[in-house]
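Going line by line, the protein sequences match chains L and Z.
Using this note's numbering, count along the first sequence one by one with no gaps and you end on 268.
Using this note's numbering, count along the second sequence one by one with no gaps and you end on 268.
We put the CB at the ideal spot given by N, CA and C, even for glycine.
This structure is a prediction, so every number in the text was calculated from the model and none was measured.
Okay, structure first, notes after.
Protein chains: 2
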Amino acid sequence: MAAHEHASAMLAVSTVIFALRSDEQTGGEPQVWLPLVRRIRDPYEGCWALPGGPLRIGEDLAYAAARTLGDTTGLTPRYLEQLYTFGDAVRSPGAPGSVERVVSIVYWALVGSAEAEQATAGENVGWFAADDLPRLAFDHNVIVEYALWRLRTKMEYSRIAHAFLGERFTLAQLREVHEAVLGRPLDPANFRRTIEASGAVVPTGDYLTGTRHRPPRLYRYNDSIDLADAGPLPRQQPPYESRQALGSAQSPEQRPTPESEQS
Amino acid sequence: MAAHEHASAMLAVSTVIFALRSDEQTGGEPQVWLPLVRRIRDPYEGCWALPGGPLRIGEDLAYAAARTLGDTTGLTPRYLEQLYTFGDAVRSPGAPGSVERVVSIVYWALVGSAEAEQATAGENVGWFAADDLPRLAFDHNVIVEYALWRLRTKMEYSRIAHAFLGERFTLAQLREVHEAVLGRPLDPANFRRTIEASGAVVPTGDYLTGTRHRPPRLYRYNDSIDLADAGPLPRQQPPYESRQALGSAQSPEQRPTPESEQS
DNA sequence: TCAAAAGTGTTGGAACTACACCCATGA
DNA sequence: TCATGGGTGTAGTTCCAACACTTTTGA
């Protein structure tokens with residue numbers, strides 16, 4: 006194509022960042038929370054919005070999403086996946102043509118609950134329960150709903166729940182994650198069998214003591230087994246510096262691949 | 006955001022267009038085919054590539070994909086869905102920095118088999134069997150593989166197969182579509198029960214005569230029933246002019262929504 | 001010894017698969 | 001009447017939800 010043709014839109018990358026938090030009021034049961042940033046510029050000034058920013062020159066998309074996440078929370082994503090690209094020409098606020106068109110590539114991410122507890126929550130960053138959000142800027146309420154739906158759907162057939170936990174965990178903790186995300190209780194007996202049959206976790210041989218009941222086994226994530234739904238695309242190392250649990254973070258629905266060009 | 010910041014990349018939209026064709030050699034069983042265009046410019050000149058082009062100013066993403074499809078084949082999509090956005094900064098060909106960076110938003114689409122038979126296949130447009138492609142430009146082979154995987158996955162839990170057929174069809178025809186896409190035979194009895202139980206089709210009351218066996222019932226697509234996996238997002242009319250079967254084309258994985266802005 | 005959660009066993013129902021079998025038409 | 005696919009019946013299997021029950025700890 007003509008390389009010097011004028012760009013038809015601004016490119017921005019936003020990220021829906023999910024963490025698990027135990028709300029004090031609701032009695033300790035963890036819930037899905039996410040960080041938002043307060044807008045300090047004109048459209049929707051003062052409103053809360055998804056973290057994000059313009060794509061920098063020479064910066065990979067997933068890297069931009071991870072960087073955004075780090076800037077907002079000081080954390081590193083344990084899981085990162087592209088969600089959707091929003092780019093309709095009609096603008097959300099009334100004034101047409103007043104602001105340049107923006108195409109937003111939205112990612113969603115999971116961060117560990119332990120790290121999230123002491124995440125930075127500065128002046129213009131706030132954490133909210135995902136299913137009780139205020140009115141956000143632009144159509145970000147819809148985007149969060151969509152990301153939540155993806156998280157829930159994916160949790161049921163994939164194995165991403167361990168991204169919220171530490172390296173070793175009990176099956177009860179893993180079940181608690183599932184229950185928090187899905188929003189409903191799960192049968193401990195059946196959950197155990199399902200997880201064990203999937204091969205997603207392996208017992209470490211150690212037990213968690215100090216509880217006032219029978220000590221549960223400690224498991225760790227089985228990274229020798231790929232996601233069952235890995236699909237046809239080749240794996241690729243995530244572009245972000247820390248790639249702890251990210252090695253298996255490429256999704257069936259959305260997998261980063263080498264870039265494509267079009268003339 | 007700073008509206009006049011310089012753009013960090015070109016924006017292009019490409020489309021993987023699927024149709025069903027009965028190859029003469031293989032004995033009449035339909036297969037998945039797709040149209041490609043031959044590149045006439047420098048990177049990968051002469052190679053086949055996905056149809057696409059730069060996003061025009063003021064043009065919606067899905068509209069651009071549908072326009073691309075129309076330019077290439079003269080057809081109208083029966084189904085259209087966003088696939089993925091490819092935008093890594095590293096370029097496929099060797100010369101770094103020689104060509105401006107391009108971010109490609111890729112859609113995938115289905116077109117009717119009857120229309121596809123007389124689609125335009127001009128000088129630089131060729132049709133290929135989807136699972137027997139030549140070496141394509143850029144990473145388009147991988148993209149097609151991914152789109153194929155999505156088509157197959159989606160066909161199993163969604164109801165998009167009728168997009169290949171006319172308004173009225175027999176269950177055998179519908180099963181033939183499934184078999185062509187999935188690449189394996191299906192039990193007619195069980196297929197019938199599964200489809201009927203899903204409520205995806207309703208009998209018209211008419212029968213197809215002229216066969217040399219018992220005349221099969223003619224069905225039509227039941228558009229009063231939403232996709233079972235519609236998810237939380239509100240439906241939106243597709244932005245393309247002709248929206249025949251597109252009304253239900255929004256997917257669980259990828260649904261167009263109002264645009265998002267980012268500062 | 002009791003409360004509480006870990007962990008095991010069992011059962012019934014839903015959904016899917018394979019395949020036998022009858023039905024209706026054209027030749 | 002026969003070949004051919006349309007269409008129905010049915011038994012076996014697998015998977016999953018529900019729930020009774022046993023085990024092991026701390027208090």
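Reduced DSSP category for residue i - H, G, I as helix; E, B as strand; rest coil
i, result
"P139 of chain Z", "coil"
"L115 of chain L", "strand"
"Q87 of chain L", "strand"
"A185 of chain L", "helix"
"G204 of chain Z", "coil"
"T209 of chain Z", "strand"
"L153 of chain L", "helix"
"A94 of chain Z", "coil"
"L41 of chain Z", "strand"
"Y49 of chain L", "coil"
"G269 of chain Z", "The requested residue 269 of chain Z is not part of the displayed model; chain Z covers only 6 to 268."
"L223 of chain Z", "strand"
"I22 of chain Z", "strand"
"G171 of chain L", "coil"
"A124 of chain L", "coil"
"D76 of chain Z", "helix"
"R198 of chain Z", "helix"
"R217 of chain L", "coil"
"I148 of chain L", "helix"
"T81 of chain Z", "coil"
"P190 of chain Z", "coil"
"E161 of chain L", "helix"
Residues that DSSP places opposite residue i in a beta bridge
i, result
"S27 of chain Z", "Z:P35"
"L16 of chain Z", "Z:V108"
"G131 of chain L", "L:L41"
Pick from the options that is closest to residue i, judged by C-alpha positions
i, options, result
"V108 of chain L", "L:R217, L:T214 and L:S19", "L:S19"
"T81 of chain Z", "Z:Q123, Z:Y49 and Z:E64", "Z:Q123"
"G33 of chain Z", "Z:S203, Z:E181 and Z:P193", "Z:E181"
"D76 of chain Z", "Z:T214, Z:F169, Z:P56 and Z:L213", "Z:P56"
"R44 of chain L", "L:W53, L:W38 and L:Q36", "L:W53"
"G63 of chain L", "Z:D93, Z:V37 and Z:V21", "Z:D93"
"R72 of chain Z", "Z:R26, Z:Y112, Z:N227 and Z:E150", "Z:Y112"
"Q87 of chain Z", "Z:P48, Z:Y49, Z:I22 and Z:A166", "Z:I22"
"M15 of chain L", "L:R61, L:P48 and L:L39", "L:R61"
"A121 of chain L", "L:W38, L:R222, L:T216 and L:V147", "L:W38"
"A114 of chain Z", "Z:H167, Z:R106 and Z:E105", "Z:H167"
"E172 of chain Z", "Z:P48, Z:A119 and Z:E150", "Z:A119"
"Y84 of chain Z", "Z:V116, Z:P208 and Z:F91", "Z:V116"
"P220 of chain L", "L:H183, L:E201 and L:A177", "L:A177"
"I230 of chain Z", "Z:L213, Z:Y212 and Z:V207", "Z:V207"
"I200 of chain Z", "Z:R217, Z:L179 and Z:L213", "Z:L179"
"V58 of chain Z", "Z:G51, Z:V147, Z:L74 and Z:R225", "Sequence inspection shows Gly at residue 58 of chain Z; the Val mentioned does not correspond to that position. It is Z:L74 whose Cα lies nearest to the Cα of G58 of chain Z."
"T78 of chain Z", "Z:F91, Z:L41 and Z:R46", "Z:L41"
"L25 of chain Z", "Z:D211, Z:T216, Z:L170 and Z:Y89", "Z:L170"
"L213 of chain Z", "Z:L191, Z:Y226 and Z:T175", "Z:T175"
"R106 of chain L", "L:D28, L:V147, L:A17 and L:Y151", "L:A17"
"S27 of chain L", "L:A135, L:Y151, L:G210 and L:L191", "L:A135"
"E150 of chain L", "L:Y89, L:T209, L:A205 and L:I165", "L:Y89"
"G204 of chain L", "L:R46, L:N227 and L:T216", "L:N227"
"F91 of chain Z", "Z:P48, Z:G210, Z:I148 and Z:G51", "Z:I148"
"I165 of chain L", "L:E50, L:R225 and L:P48", "L:R225"
"P35 of chain Z", "Z:P48, Z:H183 and Z:R222", "Z:H183"
"T209 of chain Z", "Z:R222, Z:T216 and Z:A202", "Z:R222"
CB-CB length for residue i against residue j, believed under 8 Å
i, j, result
"N146 of chain L", "L153 of chain L", "Wrong, their Cβ atoms sit about 11 Å apart, outside the cutoff."
Open item on the list: Using a Cβ distance threshold of 8 Å, determine whether the segment 124-134 of chain Z contacts the segment 125-137 of chain L, with at least three qualifying pairs required.
Closed with: no
Task: Any 3 or more C-beta pairs closer than 8 Å across the segment 183-203 of chain Z and the segment 141-161 of chain Z - done: yes
Open item on the list: With three or more beta-carbon pairs closer than 8 Å as the criterion, would you say the segment 141-151 of chain Z touches the segment 194-202 of chain Z?
Closed with: no
TODO: Count the CB pairs spanning the segment 147-157 of chain Z and the segment 59-72 of chain Z that are closer than 8 Å, and state whether there are at least three.
DONE: no
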